[in-house]
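Enquirer: In this note's numbering, the protein residues as written are 7 to 588.
In this text, a Cβ means the ideal position worked out from N, Cα and C, and glycines have one as well.
If you're wondering where the values come from, they're calculated on a predicted model, not measured in any experiment.
This structure is in structure tokens; I'll ask about it shortly.
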Ligand code: SF4
Ligand code: ZN
């Protein structure tokens, strides 16, 4: 009966009914310390479960294996006499099974990291901070900020954040608005919000003490997933647990030629299994950072620097490239393939050749020689973001000292861009006619702020496009300059608690407020239009010619040219200005 645990370091299934190492049995110094709650054991259990639906090892004399009931886990001892078929073990081709190789891999990677690691503020803090809770907090902040954001962008944000809120208590005491304001520009505002919720939970429910293991971090803290928990635990506490992020995924896929969709459960679980296998037991935090650093600086997505790679001898993708080049050059030189039978080659996966391996590239996707090692990993086709249109009104008035002021309202406290401030905005149906759109927007502004706005007075500025991760948002921008030096200031009234908070802000206040990047683009579009209107009427012929190309589309439906930021393209006339110039 094969129903024990996968022996991570030795690459074999335990045949015991209780967790122990298949190679060393109960005397194994690695596995005897592991419990069934161990992250690595759980990972391999999940891998086994995921693989169960794809293939399994036939039991002697039982014929083809039947589909698992899914109840056979390493945490559950099999009942006496019950049959517990095991799934197919992943091919050794996709694993690290040789302890000497694993040791060599760790040594090479850590030596390279010690030599080449980037000097980053969160690393300095993690290395120098003696207080374990502060250390874990500082790592937590950096990991949340680095999710889907470049290191260069995060550095400044991180420094400002840690200066403003150096402790969990300080962050817990901050307001959500302060958090959103500092987060503005990092994207995914919910991440900052959840970070603060987590800090409040640690302070109020856990007596200021951060959970001390990856499992507890994931279980107890909002917004802390498997990756973040592993990163905090390994870097701050030295827990020997692996991590898998985008960079690690790419490196591991290349090291072990994993070509199946990386978001599929068998591949995901396999990656976590590899990460747990490889992580250095003495320096887990450094090892995890080294693997991520390698992916970020050497094993990059499109142009990996394989010649400089410290783990190149362990990389199957690189070997595959070398092999393909050798075959190609032999062909070029007209040399016949060797007549000797080929030596058994590690660079093969028997199940992959037959198209049944859940980790190999799909049989229908052949090797692309031009991509070289970048044949790995393969990604699933990206889901297209859904298209939305939002009518937005930039209400402007003259401030006390004559400077322009703008009206902003606060978004609801949940959902997209929760709690952020924006110009009054209304989601509109794509088929809505321009006139109806204006009327709907004017009615919305009136209802939200109490300011009477005549639909006919709204000036069409143009369209600004902003792509969120899952929404392709088009803002149809209108503006309106309110009369009088200090037009009535609509604010939320006591008797209207359902209205969102609203306030007038100067441009400087607007930039410092918790507003989204999209709203900053909207303001830029309005400012460009104002500048263009102030331009002398003698518009150069060349510019007129450029505008004519955009002219035939009807007003209100014209897509104003946008630059990389989504604002009006520099030097390009808006339709409004063009018509005036005519
Ligand atoms: Fe990545 Fe190349 Fe190193 Fe392989 S040899 S891990 S593909 S950089
Ligand atoms: Zn395979």
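Residue 242: which of 215, 161, 145, 213 sits nearest, CA to CA?
Expert: When each option's Cα is compared against that of residue 242, the closest is 145.
Enquirer: So what's residue 360 in DSSP terms, helix, strand or just coil?
Expert: Coil.
Enquirer: What's the call for residue 527, buried or exposed, on a 16-neighbour Cβ count within 10 Å?
Expert: Classification for residue 527: buried.
Enquirer: Mind checking who residue 99 pairs with in its DSSP beta bridge?
Expert: According to DSSP, which records beta bridges pairwise, residue 99 is partnered with nothing at all.
Enquirer: Identify which residue in 395, 394, 413, 530 has its Cα closest to the Cα of residue 403.
Expert: Taking only the C-alpha atoms, the option nearest residue 403 is 413.
Enquirer: Could you give the residue range of the alpha helix (DSSP H) that holds residue 148?
Expert: Looking at the DSSP string, the run of the alpha helix (DSSP H) that includes residue 148 is 138-152.
Enquirer: Is it the case that the region 163-179 contacts the region 244-251, given that we only count it when at least three CB pairs across the two stretches are under 8 Å?
Expert: The answer is no - the region 163-179 does not touch the region 244-251, with fewer than three Cβ pairs under 8 Å.
Enquirer: Using only the heavy atoms of the ligand SF4, determine whether one of them is closer than 6 Å to the beta carbon of residue 169.
Expert: For the ligand SF4, not one heavy atom lies less than 6 Å from the Cβ of residue 169.
Enquirer: Distance check for residue 523 and residue 303, CA to CA, integer angstroms please.
Expert: If I take the Cα positions, the gap works out to 28 Å.
Enquirer: My assumption, with CB atoms under 8 Å, is that residue 265 sits in contact with residue 381. Please give the rounded CB distance.
Expert: Indeed, because the Cβ distance is near 7 Å, the residues count as touching under 8 Å.
Enquirer: Does any residue of chain D bring its CB to less than 7 Å from the CB of residue 163?
Expert: Checking the listed chains, one finds no chain D in this structure; it contains a single protein chain.
Enquirer: For the ligand SF4, is there a heavy atom less than 6 Å away from the beta-carbon of residue 318?
Expert: Yes, the ligand SF4 has a heavy atom inside 6 Å of this Cβ.
Enquirer: List the whole-angstrom C-beta distance separating residue 239 from residue 223, where the pair is believed to meet the contact cut-off of C-beta under 8 Å.
Expert: Sure, about 6 Å apart at Cβ, within 8 Å.
Enquirer: Since residue 281 contacts residue 317 with CB under 8 Å, what's their CB separation in whole angstroms?
Expert: Not really, about 14 Å apart at Cβ, beyond 8 Å.
Enquirer: With DSSP run on the structure shown, which of helix, strand or coil describes residue 278?
Expert: Note: residue 278 maps to helix in three-state DSSP.
Enquirer: Which residue's Cα is closest to the Cα of residue 536: 466, 511, 124?
Expert: Of the candidates 466, 511, 124, the one whose C-alpha sits nearest the C-alpha of residue 536 is 466.
Enquirer: Which stretch, first to last residue, makes up the beta strand (DSSP E) that contains residue 413?
Expert: Segment 410-416, the beta strand (DSSP E) holding residue 413.
Enquirer: May I ask you to list the residues that DSSP assigns as paired with residue 396?
Expert: Answer by DSSP bridge pairing, in chain order: 433, 481.
Enquirer: In the DSSP assignment, what residue or residues form a beta bridge with residue 512?
Expert: Paired residue(s): 411.
Enquirer: Do you know how far the Cα of residue 296 is from the Cα of residue 431?
Expert: Near 45 Å, if we compare the C-alpha coordinates of residue 296 and residue 431.
Enquirer: Output the distance between the C-alpha atoms of residue 369 and residue 286, rounded to the nearest integer angstrom.
Expert: Straight-line Cα distance between these residues: approximately 35 Å.
Enquirer: Residue 148: buried (16+ other C-beta within 10 angstroms of its C-beta) or exposed?
Expert: Residue 148 is buried by the Cβ-count criterion.
Enquirer: When you compare the CB positions of residue 123 and residue 371, do they come within less than 7 Å of one another, or not?
Expert: Cβ distance not < 7 Å, so residue 123 and residue 371 don't count as in contact.
Enquirer: Which residue comes first and which comes last in the beta strand (DSSP E) that contains residue 473?
Expert: Unbroken beta strand (DSSP E) run through residue 473: 465-473.
Enquirer: Does residue 370 come out as helix, strand or coil in the three-state DSSP assignment?
Expert: Residue 370 falls in the coil class under three-state DSSP.
Enquirer: Would you check if the distance between the CB atom of residue 482 and the CB atom of residue 397 is smaller than 7 Å?
Expert: Yes. Within cutoff.
Enquirer: Residue 265: beta carbon under 6 Å from a heavy atom of the ligand ZN?
Expert: No, the Cβ of residue 265 stays beyond 6 Å of every heavy atom of the ligand ZN.
Enquirer: With respect to 6 Å, is the separation between the Cβ of residue 127 and the closest non-hydrogen atom of the ligand SF4 below this value?
Expert: False, no ligand heavy atom lies under 6 Å from that Cβ.
Enquirer: For the ligand ZN, is there any heavy atom lying closer than 6 Å to the beta carbon of residue 122?
Expert: No.
Enquirer: I'd like to confirm something about residue 2: is its beta-carbon nearer than 6 Å to some heavy atom of the ligand SF4, or not?
Expert: The requested residue 2 is not part of the displayed model; the chain covers only 7 to 588.
Enquirer: Among 253, 214, 290, which residue has its Cα nearest to the Cα of residue 220?
Expert: It is 290 whose Cα lies nearest to the Cα of residue 220.
Enquirer: Can you list, in chain order, the residues of its chain whose CB lies under 8 Å from that of residue 486, leaving out five sequence neighbours each side?
Expert: Result list for residue 486: 399, 400, 401, 402, 459, 463, 464, 465, in chain order.
Enquirer: Taking 6 Å as the cut-off, is the CB of residue 254 close to at least one heavy atom of the ligand SF4?
Expert: Outside the cutoff, so no.
Enquirer: Any chance the CB of residue 262 is under 6 Å from a heavy atom of the ligand SF4?
Expert: Not under cutoff, so the answer is no.
Enquirer: Beta carbon of residue 409, beta carbon of residue 512: below 7 Å?
Expert: In contact: residue 409 and residue 512 (Cβ atoms closer than 7 Å).
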